[in-house]
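Quick note: the sequence shown uses the working numbering, first residue 55, plus one each step. All remarks here apply to the structure that follows.
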Amino acid sequence: MSRGGTAALGAVLLSVLAVPAHDAAAAPADVNSAAVQAGSAAKAQKLPAPDVAGLRAVLRTALTQRAPGAVARIDDRGTVHKVAEGVADKRTGRAISTADRFRVGSVTKSFSAVVLLQLVDEGALALDTSVNTYLPGLLPDDNITVRHVLSHRSGLYDYTNDMFEHTVPGFEAVRNKVFSYQDLVDLSLKQPLGNAPGAAYSYSNTNFVVAGMLIEKLTGKPVRSAYQSRIIKPLGLKDTFYVHPGTAVPGKHARGYLTPDEAGAPLVDSTEQTVSWAQSAGAVISSTRDLNTFFSALLGGDLTSAEQLAQMQQWVPVNSTQGYGLGLRRRDLSCGVSVYGHTGTVQGYYTYSFTSKGGGRTVTALANTSNNGTVLTTMAGTLESTFCGKPAKAAATRGEARVERHEDIAPGIARD
Numbered sequence: 055m056s057r058g059g060t061a062a063l064g065a066v067l068l069s070v071l072a073v074p075a076h077d078a079a080a081a082p083a084d085v086n087s088a089a090v091q092a093g094s095a096a097k098a099q100k101l102p103a104p105d106v107a108g109l110r111a112v113l114r115t116a117l118t119q120r121a122p123g124a125v126a127r128i129d130d131r132g133t134v135h136k137v138a139e140g141v142a143d144k145r146t147g148r149a150i151s152t153a154d155r156f157r158v159g160s161v162t163k164s165f166s167a168v169v170l171l172q173l174v175d176e177g178a179l180a181l182d183t184s185v186n187t188y189l190p191g192l193l194p195d196d197n198i199t200v201r202h203v204l205s206h207r208s209g210l211y212d213y214t215n216d217m218f219e220h221t222v223p224g225f226e227a228v229r230n231k232v233f234s235y236q237d238l239v240d241l242s243l244k245q246p247l248g249n250a251p252g253a254a255y256s257y258s259n260t261n262f263v264v265a266g267m268l269i270e271k272l273t274g275k276p277v278r279s280a281y282q283s284r285i286i287k288p289l290g291l292k293d294t295f296y297v298h299p300g301t302a303v304p305g306k307h308a309r310g311y312l313t314p315d316e317a318g319a320p321l322v323d324s325t326e327q328t329v330s331w332a333q334s335a336g337a338v339i340s341s342t343r344d345l346n347t348f349f350s351a352l353l354g355g356d357l358t359s360a361e362q363l364a365q366m367q368q369w370v371p372v373n374s375t376q377g378y379g380l381g382l383r384r385r386d387l388s389c390g391v392s393v394y395g396h397t398g399t400v401q402g403y404y405t406y407s408f409t410s411k412g413g414g415r416t417v418t419a420l421a422n423t424s425n426n427g428t429v430l431t432t433m434a435g436t437l438e439s440t441f442c443g444k445p446a447k448a449a450a451t452r453g454e455a456r457v458e459r460h461e462d463i464a465p466g467i468a469r470d
């Protein structure tokens, strides 16, 4: 479906979701064939009912692992399920709500990718053209293409590995700092490329800093304007903002709590920050409702042409149960269903936001903590309960691949 009807379709989508809620080579080789994709679409229409009790159990487990609060919202073709446990604010004790806004972290990457794919649709950008064609001299290798950047195959070093080697001191050093995009690229280029362009998948926030530079160069406007005019306004997203370099989360929101590296140390309130260290790689603020609307619209074909949505889903293997496309993750669940979206980590917040093939059923789950690998792994269980209709503990049968080994921040540093 072309982008021409985006605004109208976005309005239709919102009207469908406005229902009473229930409270309870050039391209990677690993590309799904048309037959496989058709089979996935058929499966998506036969999903079992969500296991809302199992979903609540996942959130309650996260609370036992030091998450102050956890929420999940499912939008399922007009039916809405909302589950919330714990607190949004440790100081006041206010209960967390699925209506709370929060920092979405690397879910921002999907927003940035959508803007660039729209620019491909408009003829302003080509995926297999060198980044240096558009940003002369920026990168050390002319063979790094736009596709390589969007699929984390550029080889560019992730500067956050150095920035957040020590979690809390690293955060406090940049909490109120304002970086330019060039500053962040320069930090990355202090290290050599980790692999030849296109040779391997290696998650790096630097890639989506470059994506932000491309957006601003090609549109002639700030990233904020591109998100607003191309995604936020057409979809009617009321809770979605890009406030960089402002430090506050607008309106009612969940506070974020960062876990120190030292076992048992008090959580650090990390809500206020510029997120300038991430920008187009991780600075968006949103809500469960808005992220569900976004991913449902994206996989439903309302934000790009069918051709560019197909490009977005050319998967590079990450491990035995995950693939990465262009700013989009694929996760294969224990029941054989594949879901599409992105994870997000920013100091004090873990987000999972995924939808079924075609966008019919979508879930966004949040825990207001980070640097806690146990909670990160637990929250992945929200996908099992949402799409497989059985308790998240069944995911353990998939073994080691189910464990979340790395975060979107400092992916080269594994912490237990």
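In this text, a Cβ means the ideal position worked out from N, Cα and C, and glycines have one as well. The structure displayed is predicted, hence computed values, not measured ones.
For the ligand NAD, any of its heavy atoms closer than 7 Å to the Cβ of residue i?
i, result
"Ile269", "For the structure depicted, the ligand NAD is absent and the ligand set is empty, with no information on it obtainable."
Measuring only the C-alpha atoms, how far is residue i from residue j?
i, j, result
"Leu113", "Gln119", "10 Å"
"Leu272", "Val168", "14 Å"
"Ala227", "Thr409", "36 Å"
"Asp240", "Leu247", "13 Å"
"Ala153", "Gln362", "32 Å"
"Thr199", "Val185", "5 Å"
"Asp175", "Leu352", "14 Å"
"His460", "Leu193", "26 Å"
"Asp182", "Arg384", "22 Å"
"Phe349", "Gly305", "23 Å"
"Val417", "Gly108", "14 Å"
"Pro371", "Phe156", "30 Å"
"Ala421", "Asn197", "39 Å"
"Ala434", "Ser388", "12 Å"
"Asp386", "Phe233", "37 Å"
"Val393", "Thr342", "17 Å"
"Lys444", "Arg110", "12 Å"
"Gln367", "Pro190", "28 Å"
"Ile286", "Lys275", "16 Å"
"Leu145", "Glu326", "The sequence as given places Arg at residue 145; Leu does not occur at that position. Taking the straight line from one Cα to the other gives about 15 Å."
"Glu458", "Glu270", "33 Å"
"Pro251", "Val203", "9 Å"
In the DSSP assignment, what residue or residues form a beta bridge with residue i?
i, result
"Arg157", "Ile339"
"Pro371", "Gly377"
"Val322", "Leu312"
"Arg384", "Gly377 and Tyr394"
"Val400", "Tyr403"
"Lys411", "Per DSSP, none; premise fails for Lys411."
"Lys136", "Arg127"
"Val141", "Ala149"
"Phe218", "Looking at the DSSP assignment, Phe218 forms no beta bridge with any residue, so it has no partner."
"Ala421", "Ala124 and Tyr404"
Excluding the 5 residues preceding and the 5 following residue i in the sequence, name in chain order all residues of the same chain whose CB lies nearer than 6 Å to its CB.
i, result
"Thr347", "Leu289"
"Val158", "Val338, Ser340, Gly398 and Thr405"
"Val303", "Arg155 and Ile339"
"Gln245", "Tyr211"
"Ala121", "Ala421, Thr423 and Val429"
"Ala419", "Ala126, Tyr406, Met433 and Thr436"
Please check the pair residue i and residue j, which I expect to be a contact at CB under 8 Å, by giving their CB distance rounded to whole angstroms.
i, j, result
"Pro104", "His135", "6 Å"
"Thr221", "Leu312", "7 Å"
"Thr162", "Ala280", "Going by Cβ atoms, the distance from Thr162 to Ala280 rounds to 12 Å, so no, they are not a contact pair."
"Leu357", "Leu268", "Actually they do not touch by this definition, with Cβ atoms about 17 Å apart."
"Asp344", "Asp293", "5 Å"
"Asn259", "Thr214", "5 Å"
Between the options, which lies nearest to residue i when the distance is taken from Cα to Cα?
i, options, result
"Ser160", "Ile463, Leu243 and Met366", "Ile463"
"Ser166", "Tyr296, Leu387 and Val322", "Tyr296"
"Gly310", "Gly318, Pro304, Thr301 and Val322", "Val322"
"Ser283", "Leu173, Phe225 and Ala468", "Leu173"
"Val391", "Tyr403, Thr375 and Thr115", "Thr375"
"Arg127", "Ala121, Arg145, Ile150 and Lys144", "Ile150"
"Thr436", "Gly414, Ser407 and Gly381", "Ser407"
"Ile27", "Asn425, Gly443 and Lys444", "Look at the range of the chain in this structure, 55 to 470, and you will see that residue 27 is not part of it."
"Ser439", "Ala121, Gln245 and Val137", "Val137"
"Gly377", "Phe441, Arg207, Arg229 and Lys144", "Arg207"
"Phe218", "Glu270, Trp331, Val106 and Gly274", "Trp331"
"Tyr403", "Val429, Tyr257, Gly395 and Leu382", "Val429"
"Asn230", "Gly300, Gly177 and Tyr257", "Gly300"
"Gln365", "Ser205, Leu291 and Asn261", "Ser205"
"Ala308", "Ser164, Glu316 and Asp143", "Asp143"
Which residues in the same chain have their Cβ closer than 7 Å to the Cβ of residue i, if we skip the five residues on either side of it in sequence?
i, result
"Pro314", "Thr221, Val222 and Val322"
"Tyr243", "Position check: residue 243 holds Leu in this sequence, whereas Tyr was assumed. For Leu243, where only same-chain residues beyond five positions count, the Cβ hits under 7 Å are Pro194."
"Gly147", "Val141"
"Ala354", "First, the residue type needs correcting, since residue 354 is Gly and not Ala in the sequence shown. Here the set comprises Gly412 and Gly413."
"Thr115", "Thr432"
"Ser94", "Note that Ser94 scores a pLDDT of 42, beneath 50, so its modelled location is shaky and nothing firm can be said."
Skipping 5 residues on each side, what residues in its chain have a beta carbon closer than 8 Å to that of residue i?
i, result
"Leu179", "Leu170, Leu173, Tyr188, Val200, Leu268 and Leu272"
"Gln333", "Phe233, Tyr235, Leu238, Val263, Gly266, Val277 and His298"
"Gly224", "Met217 and Phe218"
"Leu117", "Gly123, Ala124, Glu139 and Gly140"
"Ala253", "Arg207 and Gly209"
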